[in-house]
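Listed in order, the protein sequences are those of chains A and B. Residues in the first sequence are numbered from 2 upward in steps of one, following our numbering. Residues in the second sequence are numbered from 821 upward in steps of one, following our numbering. The C-beta atom is built at its ideal place from N, Cα and C for all residues, glycine as well. For reference, the structure discussed in these notes is given below.
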Amino acid sequence: MRFKNRYLAFQLLSRQSSSSSSSDRLLIHESINRDGILKAIKTSLEQNFGDMAVGIASNLSIKYFSPMTGVGILRVPRDIYKECWAAVTLVTSVTGERGERDRISCLLNVFHVAGTIKQAQINTIEHNKSEVLRLQDALKLSGSAVWFKGKGGFLNFDT
Amino acid sequence: MFFDLNLPAGSLGASEYAAALEMQQRFGVTVVARNTEVKSLSNLRDSRATPGLAPEVSQSDAKQTTFRILERLTIVLDDSNTNLRIDAGNQKLQNYDVLAVKPLTEKALLSAVNADVDIIQLDLSTKLPFNLRKTTLNTAIQKGIYFELSYGPCIRDQNARRNIISNLQSILRVTAGKHLVVTSDAIRALDLRSPHDVMNLLQVFGLPDKYARDAITTSPRSVLYHAATRRDTLKGFVSVEPLDALTEGVKWKMGDVPTGKELEEGADFVSFGDLSGFE
Chain A
2 MRFKNRYLAF QLLSRQSSSS SSSDRLLIHE SINRDGILKA IKTSLEQNFG DMAVGIASNL
62 SIKYFSPMTG VGILRVPRDI YKECWAAVTL VTSVTGERGE RDRISCLLNV FHVAGTIKQA
122 QINTIEHNKS EVLRLQDALK LSGSAVWFKG KGGFLNFDT
Chain B
821 MFFDLNLPAG SLGASEYAAA LEMQQRFGVT VVARNTEVKS LSNLRDSRAT PGLAPEVSQS
881 DAKQTTFRIL ERLTIVLDDS NTNLRIDAGN QKLQNYDVLA VKPLTEKALL SAVNADVDII
941 QLDLSTKLPF NLRKTTLNTA IQKGIYFELS YGPCIRDQNA RRNIISNLQS ILRVTAGKHL
1001 VVTSDAIRAL DLRSPHDVMN LLQVFGLPDK YARDAITTSP RSVLYHAATR RDTLKGFVSV
1061 EPLDALTEGV KWKMGDVPTG KELEEGADFV SFGDLSGFE
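Following this line, the structure appears as structure tokens:
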């Protein structure tokens, strides 16, 4: 039988310190990349479930990550997906592009568990849509600008 | 409908507290309780901070999904203050929606299970200085008191995580996972986790799937029922409330009682509490 996986659709949420002006809400740090997240998850898996879990989950990989929205898809082996999910839950910080020097505290919220990457993709798109709507609502309420900061520069949702 | 009955406003600080509330709403948590921890009952405030937010025993608008913040009081008990008056007669305690005790010693736990409270919060993030006995915990369970497990410390600290897992195992030996509420006890907004993440975490820690779900859905709701019964009813089965508190759906209970101007100002009507409202 073929090797079976689970795909965890997750979202990285972080809170910037109040250095940026309070009217602009930076959502995702520009220097977060998929390597940093994968490393954080593997470290957490090793810390909580040991070398054996890391061995079984050797094909752990991030299939997709968008620094704009912080949404990503993680592939884990089906046999120990619960342990992998718990390891993802217990992540408290990820390293950015400059390694240990910029450690960003964050949380990883798994919003969907899918059996195929297709379903994970469908749900990620769905989640992104509701996320944009939620931001637009917040925007209308506060009357301030909401910024996505990503590699490609700023993306601004105007009221 | 998900609950978080422990958001310590004191240790969060104002900005983190606001961020925590925002985070909880994003995660789909609909009821949170703002926790205040005290060691004595002497300087409790006399009035409610947030009037009207508490779930009433007899409001039958079933589909209430607005975000609500409740007030919770946690009394820390050790050997020195076990003779506090924690009962229905103490008016100051009626100002809080949820009443919890945090026993630090075995003697304090024994007095806690006999007190008139809703939650017993054991400090599971440290090694418990006493064994949990089946008879003690069963006394509490029979009174409808729930035990609290906070996942916040286990996100923050690796040692606390070990202790929580080991203490959870000893609770499971006694109660098999029933009568457990899971709360956040977050000291930063980033300590919070979404309800589904928490459920999975508990399952990995060894709590049976069903009880992991109950611990953040139905059990906290039972706690609120228990609290409302303790607070708003006489001996747990009769409640008295003003006429205008009745919603349209339950007006029939009044029978042929004259309404409006015919009644004197402030006249009350006795009804049996309608417990179907809080779902």
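Cβ shell of residue i (< 6 Å), same chain only, five flanking positions each side left out
| i | result |
| --- | --- |
| A41/A | V92 and V95 |
| A115/A | Y8 and A121 |
| H113/A | A10 and N124 |
| L46/A | A54, V55 and A88 |
Residue i at chain B interface by Cβ criterion, 9 Å
| i | result |
| --- | --- |
| T160/A | Here the model assigns T160/A a pLDDT of 37, short of 50, so the residue's position is not dependable and the matter cannot be decided. |
| S62/A | no |
| S32/A | no |
| Q120/A | no |
| L136/A | no |
| R35/A | no |
| N49/A | yes |
| A10/A | no |
| A58/A | no |
| A41/A | no |
Exposed unless 16 or more other CB atoms sit within 10 angstroms - verdict on residue i
| i | result |
| --- | --- |
| M2/A | exposed |
| P949/B | exposed |
| F823/B | buried |
| K954/B | exposed |
| A882/B | Any reading at A882/B must be qualified, since the residue scores a pLDDT of 41, below 50, and its modelled position is unreliable; the value itself is stated next. Classification of A882/B: exposed, given that the 10 Å Cβ count is below 16. |
| V1058/B | exposed |
| I965/B | buried |
| F967/B | buried |
Simplified DSSP state of residue i, which is helix, strand or coil
| i | result |
| --- | --- |
| G1069/B | helix |
| K998/B | coil |
| E836/B | helix |
| K64/A | strand |
| Y1045/B | helix |
| T946/B | coil |
| G1026/B | coil |
| S97/A | Inspection of the sequence shows that residue 97/A is occupied by Gly rather than by Ser. Correct three-state label for G97/A: strand. |
| R1008/B | coil |
| K43/A | helix |
7 Å Cβ shell around residue i - same chain, five flanking residues per side excluded
| i | result |
| --- | --- |
| Y916/B | E891, R892 and L893 |
| T946/B | N983 |
Amino acids of chain B, ordered along the chain, whose beta-carbon sits closer than 8 Å to that of residue i
| i | result |
| --- | --- |
| E84/A | V1024 |
CB contact below 9 Å: residue i versus chain A
| i | result |
| --- | --- |
| I984/B | no |
| N1020/B | yes |
| I1036/B | no |
| Q978/B | yes |
| I939/B | no |
| M821/B | no |
| R1033/B | no |
| R981/B | yes |
| F847/B | yes |
Residue i: contacting residues in chain B (beta-carbon distance under 9 Å)
| i | result |
| --- | --- |
| S106/A | R1008 and L1010 |
| T93/A | I975, R976, L1010 and D1011 |
Proximal chain A residues relative to residue i, where beta-carbon distance stays under 7 Å
| i | result |
| --- | --- |
| D1017/B | T90, N110 and V111 |
| S1014/B | N110 |
Contact set between residue i and chain B, taken where Cβ atoms lie within less than 7 Å
| i | result |
| --- | --- |
| R16/A | A839, A1009 and L1010 |
| A87/A | N1020, L1021 and V1024 |
Residues near residue i in its chain [Cβ-Cβ closer than 8 Å; skip 5 each side]
| i | result |
| --- | --- |
| I118/A | Y8, K64, I74 and R76 |
Any chain C beta carbon closer than 9 Å to residue i
| i | result |
| --- | --- |
| A115/A | In the structure shown, chain C does not exist; the protein chains are A and B. |
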